[in-house]
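Report on the structure given below.
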Ligand SMILES: Cc1cc2nc3c(=O)[nH]c(=O)nc-3n(C[C@H](O)[C@H](O)[C@H](O)COP(=O)(O)O)c2cc1C
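In the UniProt record's numbering, the protein residues as written are 1 to 368.
Structural data, given as structure tokens:
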């Protein structure tokens, strides 16, 4: 049914306008008590066997909403109502910024992909922190806060900008993510080099500890799929050395491999980060490499091209404790989470593993 609706309505609309329209409906639905209870019961049934623990946080399951969908923390309950077990808000930058000029989001429907060059359009750390501070949650949801660099702040002053966001947002974050991997902020991905990443992560860790006295806020880093294999290893080693809690793999790609011949060449040519189905193979590869390197010492979050329960299951077997999605939600619609949860629960039941945690990394640990 959603597919018909998508083809008739959303597909004919500008992708960003369609996003805000859907967003408005979700936010409206969650404000109506009877409706939200009904929708949550239908779309977010909880499967006991999928209960998950990651960096000390208990979740209903492993499947969450990737950063970028709810940049300003306005739809956490709405997305929880649709079945996401955790919601990662952001990317939030130190200062508010409008992002890149429109058009900046493109649908490659035939390839089940998106290209975006949004450029961290967001309300800024002060406003988002105030919003989180006054939020009255309807559903119990783990909220991750993803932070990035304000565009006008020079690369040399990036640490201060991240620290500002961390100080303001850490008190409201169940976990904090340092995003150094979006392709749409010039120079941002240079921060993935260990010489730049070490002082950045150390400073954000200190900022979180300084601001939040009563608990240790888990700290993760989100990396790009375009890193060379040696650089992935270097980030993994650094993460272990610094005692980071997790690595999120991966952000969108600047590569254009994996695109079918079906999308219009003019679309494929758009600059920005590619997400969705064409990203699947590389994201899985990066995850496997990370797990082979860090094993159980760091929690891994698999994201990029996850469309089905089988995709999510493959990420878990490759080493992911948590999995996230974004692009497939646009194409699959509100029943997507339900299908992924159902499929994951049935895969676990028929697998040799007693718990989801036992399945994490099982494919990589297997002797060749
Ligand atoms: C329109 C759009 C905006 C995004 N914005 C962000 C962002 O602000 N911060 C971030 O870390 N990732 C962002 N992402 C990347 C996603 O979180 C995710 O890593 C990527 O899309 C791969 O997952 P997918 O194939 O399931 O979409 C964005 C993705 C899309 C499609």
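Built from N, CA and C at the ideal position, the CB exists for glycine as well.
State yes or no: is the C-beta of residue i within less than 7 Å of the C-beta of residue j?
i, j, result
"residue 249", "residue 286", "yes"
"residue 301", "residue 322", "yes"
"residue 120", "residue 80", "no"
"residue 183", "residue 254", "yes"
"residue 180", "residue 236", "no"
"residue 176", "residue 145", "yes"
"residue 370", "residue 344", "Outside the displayed span of the chain (1 to 368) sits residue 370, for which this structure offers no information."
"residue 151", "residue 161", "no"
"residue 186", "residue 105", "no"
"residue 242", "residue 200", "no"
"residue 194", "residue 234", "yes"
"residue 73", "residue 276", "no"
Can you tell me which of the options puts its alpha carbon nearest to the alpha carbon of residue i?
i, options, result
"residue 319", "296, 131, 148, 271", "296"
"residue 95", "274, 83, 169, 35", "169"
"residue 116", "282, 269, 220", "269"
"residue 298", "218, 265, 89", "218"
"residue 384", "88, 16, 174", "As displayed, the chain neither begins before 1 nor continues past 368, which places residue 384 out of reach and without an answer."
"residue 281", "37, 307, 18, 241", "307"
"residue 314", "69, 364, 50, 204", "364"
"residue 6", "109, 305, 85, 49", "109"
"residue 203", "222, 215, 216, 164", "164"
"residue 215", "223, 221, 205", "205"
"residue 335", "124, 44, 36, 147", "44"
"residue 39", "48, 26, 257", "26"
"residue 354", "49, 188, 126", "49"
"residue 290", "252, 222, 256", "222"
"residue 118", "19, 1, 351", "19"
"residue 131", "210, 99, 70", "70"
"residue 251", "188, 8, 58, 209", "188"
"residue 107", "89, 135, 100, 17", "17"
"residue 366", "99, 220, 342, 288", "288"
"residue 125", "220, 159, 167", "167"
Rounded to a whole number of angstroms, what is the C-alpha to C-alpha distance between residue i and residue j?
i, j, result
"residue 153", "residue 230", "29 Å"
"residue 212", "residue 129", "14 Å"
"residue 198", "residue 238", "7 Å"
"residue 83", "residue 122", "24 Å"
"residue 207", "residue 24", "34 Å"
"residue 93", "residue 178", "11 Å"
"residue 274", "residue 103", "15 Å"
"residue 172", "residue 262", "43 Å"
"residue 196", "residue 245", "19 Å"
"residue 330", "residue 75", "16 Å"
"residue 435", "residue 87", "A question about residue 435 goes unanswered here, because the residues of the chain that appear run from 1 up to 368."
"residue 388", "residue 357", "The chain is shown from 1 up to 368; residue 388 falls before or after that span and cannot be answered."
"residue 34", "residue 328", "28 Å"
"residue 141", "residue 85", "7 Å"
"residue 10", "residue 133", "33 Å"
"residue 209", "residue 147", "16 Å"
"residue 264", "residue 21", "25 Å"
"residue 342", "residue 47", "8 Å"
"residue 240", "residue 352", "30 Å"
"residue 220", "residue 360", "18 Å"
"residue 305", "residue 97", "28 Å"
"residue 12", "residue 4", "12 Å"
"residue 135", "residue 59", "19 Å"
What distance in whole Å lies between the Cβ atoms of residue j and residue i, which are believed to be in contact at a cut-off of 8 Å?
i, j, result
"residue 66", "residue 326", "4 Å"
"residue 309", "residue 338", "So it is not a contact: roughly 10 Å between Cβ atoms."
"residue 190", "residue 157", "Going by Cβ atoms, the distance from residue 190 to residue 157 rounds to 13 Å, so no, they are not a contact pair."
"residue 303", "residue 324", "4 Å"
"residue 29", "residue 78", "7 Å"
"residue 283", "residue 225", "6 Å"
"residue 259", "residue 111", "5 Å"
"residue 51", "residue 61", "7 Å"
"residue 68", "residue 37", "With a Cβ gap of about 28 Å, residue 68 and residue 37 do not count as contacting."
Is the Cβ of residue i closer than 7 Å to any Cβ of chain D?
i, result
"residue 290", "Among the protein chains of the structure shown there is no chain D, as only one such chain exists."
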